[in-house]
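Before any comments, here is the structure.
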Amino acid sequence: MRLLVTGGAGFIGGHLAENFAREGHDVTVLDNLEPYYDRRLKEHNIDVGRTAASESDGSYEFVEGNVTDTSLLDELLTDTDIVYHQAAQAGVRTSVDHPKKVNEYNVVGTVNVLDAARKADVDRVVHASSSSVYGKPEYLPYDEEHPNEPVSPYGASKVAAEQYVRVYNEIYGLPTVSLRYFTVYGPRMRPNMAISNFVSRCLRGKPPVVYGDGTQTRDFTYVADIARVNETLLSTSEADGETLNIGSTDTIDVLTLAETVRDTIDPSLDIQFTDRREGDAEHTHADVSKAQRLLDYAPTRSIREGVDEFIDWYRENRDWYEPLVVNS
Ligand code: NAD
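In our numbering, the protein residues as written are 800 to 1127.
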């Protein structure tokens, strides 16, 4: 199949593009190489995708460009079967500083992708949404019916984008799916996230730094599970028009996570605490029964298994990955 992965030089899009190329699909990646974190990680992801294609019957093309460029989108979508729309300004804290940019990329960019997809009559658009749409928990775990009350411009942008995704399905009959990812981690993860930071510091003999008191909980999802559910959507229309939670259901509080990483690497280290950050959700916990029912989705890693795998990967790739880790 001919697949377009927007944001395919990033963490999640990089894994999707690699897997699709390895399975023999023709993959085009559209990414503007946004300097949100070190460009070298994105260049590495592009190399991984090219290598995967060279080892299979698939192909891989990288196009540097922005989802705000509607003529480029029209051109790229002409021959596309399925769009995996991952491009976005990720990161809650960046969104607090740059709300208008987040709207331009995440909301307007999504409408642009949807509109080009509608004109080109593509088979499906799969949109990367986020657990940030929920914001304040009225009950946990969140099911998809839980009210959306985001606590950051990022979360608000994902609510708006999701609504456009749904409306393009309802009004124009465009097959669309929104996947609400719950904090994703794993090899080549964004180097400005808690897990990469904890591992980096512990391996260098420094205490991991926890924002706030560490009682905030997260449903950390291993990237291989994200890749698998996206792959399922290559061949099923069961979830068209739907919005689905994609999490691990194995919730952990951030302090316990820091202790787990610390105990695995160097139990003699302390834990350091610093101020809580604005816009961070207090708790995320996914009810994934809808994805289970429609897509046979089942998370395969507990947080401890996933963290162990990530630490192994980190040690093997430490020479090039560690210099990219932010705030460590
Ligand atoms: P990422 O920053 O690694 O990847 C996003 C990619 O999109 C980057 O390579 C960036 O250069 C590109 N991009 C940004 N703006 C663009 C634009 N205007 N035009 C073209 N390309 C653009 O982030 P990620 O963690 O891989 O996230 C992928 C998607 O999943 C995003 O939509 C994000 O909001 C969503 N998501 C991620 C997580 C997570 O924990 N990583 C959780 C929930 C949702």
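Backbone N, C-alpha and C fix where the C-beta goes; we use that ideal spot for every residue, glycine too. Just so it is clear, the structure is predicted and the values come from calculations on it, not from any experiment.
In terms of DSSP beta bridges, what is residue i paired with?
i       : result
Glu1041 : Val976
Ser858  : Asp825
Glu863  : Asp830
Val983  : Thr1020
Arg801  : Asp825
Val757  : Since the displayed the chain opens at 800 and closes at 1127, residue 757 lies outside it and no answer follows.
Ile1025 : In the DSSP output, where bridge partners are listed per residue, Ile1025 has none listed.
Ile811  : DSSP, once it has assigned bridges, lists no residue as partnering Ile811.
Ile970  : Beta-bridge pairing links Ile970 to no other residue.
Val882  : Leu803 and Val924
For ligand 3, is there a heavy atom less than 7 Å away from the beta-carbon of residue i?
i      : result
Val895 : Inclusion of ligand 3 in the displayed structure is not the case, the ligand content consisting of ligand 1 alone.
Relative to the C-alpha of residue i, which residue among the options is closest?
i       : options                              : result
Asp837  : Gly1046, Asn991, Tyr933 and Gly934   : Asn991
Ile1025 : Gly813, Leu803 and Leu802            : Gly813
Ile970  : Asp1107, Arg917, Asp1052 and Thr1050 : Arg917
Leu1068 : Pro1098, Thr1059 and Ala993          : Thr1059
Arg1075 : Leu1056, Arg892 and Ser995           : Arg892
Leu1123 : Val1022, Leu815, Arg989 and Glu874   : Arg989
Ser951  : Asp1111, Ser929 and Tyr967           : Ser929
Val1009 : Tyr1021, Asp1018 and Ile994          : Ile994
Ser870  : Ala915, Trp1119, Ile881 and Ala852   : Ala915
Ala851  : Ile881, Lys841, Ala816 and Glu874    : Ala816
Asn947  : Asp873, Arg979, Asn905 and Asp922    : Arg979
Asp942  : Phe981, Tyr963 and Ala927            : Phe981
Ala1091 : Thr1042, Asp922, Tyr1120 and Leu802  : It should be pointed out that residue 1091 corresponds to Gln in this sequence rather than to Ala. Out of Thr1042, Asp922, Tyr1120 and Leu802, Thr1042 has the C-alpha closest to the C-alpha of Gln1091.
Val926  : Ala1038, Ser894 and Glu833           : According to the sequence shown, residue 926 is His rather than Val. Nearest option by C-alpha distance: Ala1038.
His824  : Lys841, Ser853, Glu842 and His843    : Ser853
Ile845  : Leu913, Thr879, Val804 and Asp873    : Val804
Lys1089 : Glu944, Glu1121 and Ser999           : Glu944
Asp920  : Asp868, Asp873, Asn905 and Asp1095   : Asp873
Arg1103 : Arg1117, Arg1061 and Thr1073         : Arg1061
Arg821  : Asn902, Asp830 and Leu802            : Leu802
Tyr867  : Lys841, Asn902, Glu1081 and Asp1118  : Inspection of the sequence shows that residue 867 is occupied by Thr rather than by Tyr. Answer by Cα proximity: Asn902.
Asp878  : Asp1052, Glu842, Thr827 and Asn968   : Thr827
Asn865  : Leu876, Val895, Leu840 and Tyr904    : Tyr904
Gly1013 : Tyr984, Arg987, Ile1051 and Val998   : Ile1051
Arg965  : Gln1015, Thr909, Pro986 and Asn996   : Thr909
Asp922  : Ser1036, Gly1011, Val932 and Gln1015 : Ser1036
Asp1079 : Trp1119, Ser931, Gly1105 and Arg1000 : Ser931
Cys1001 : Thr1016, Thr1063 and Val1053         : Thr1063
Pro1098 : Tyr938, Phe819, Arg1027 and His897   : Arg1027
Glu1121 : Ser1101, Ser999 and Glu1081          : Ser999
Asp1065 : Ile1110, Ser1101 and Glu1081         : Ile1110
Phe997  : Tyr1113, Ser894 and Asn911           : Tyr1113
With 8 Å set as the bound, which would you pick, yes or no: does the beta-carbon of residue i sit closer than that to a beta-carbon of chain C?
i      : result
Lys957 : Here chain C cannot be found, since the structure has a single protein chain.
**Request:** Pick out the complete beta strand (DSSP E) segments inside the segment 884-958, 3 residues or longer, and give them in chain order.
**Result:** Counting only runs of 3 or more, we get 923-929.
**Request:** Determine contact between the segment 1002-1009 and the segment 1030-1042, defined as no fewer than three beta-carbon pairs at a distance below 8 Å.
**Result:** No, the segment 1002-1009 is not in contact with the segment 1030-1042.
**Request:** Report yes or no: do the segment 1037-1054 and the segment 1081-1090 share at least 3 C-beta pairs separated by less than 8 Å?
**Result:** Yes, since at least three Cβ pairs between the segment 1037-1054 and the segment 1081-1090 fall closer than 8 Å, the two stretches touch.
**Asked** In the segment 1044-1119, which residue ranges form an unbroken alpha helix (DSSP H) of at least 4 residues, counting only runs that do not cross its ends?
**Response** Complete alpha helix (DSSP H) runs here, min 4: 1053-1064, 1088-1094 and 1102-1115.
**Request:** Decide if the segment 845-864 is in contact with the segment 881-894; the criterion is three or more beta carbon pairs, one per stretch, under 8 Å apart.
**Result:** Under the 8 Å Cβ criterion, the segment 845-864 does not count as touching the segment 881-894, having fewer than three qualifying pairs.
**Prompt:** Is there contact here, the segment 1013-1023 with the segment 952-971, by at least three beta-carbon pairs under 8 Å?
**Reply:** Contact fails: fewer than three Cβ-Cβ distances are below 8 Å.
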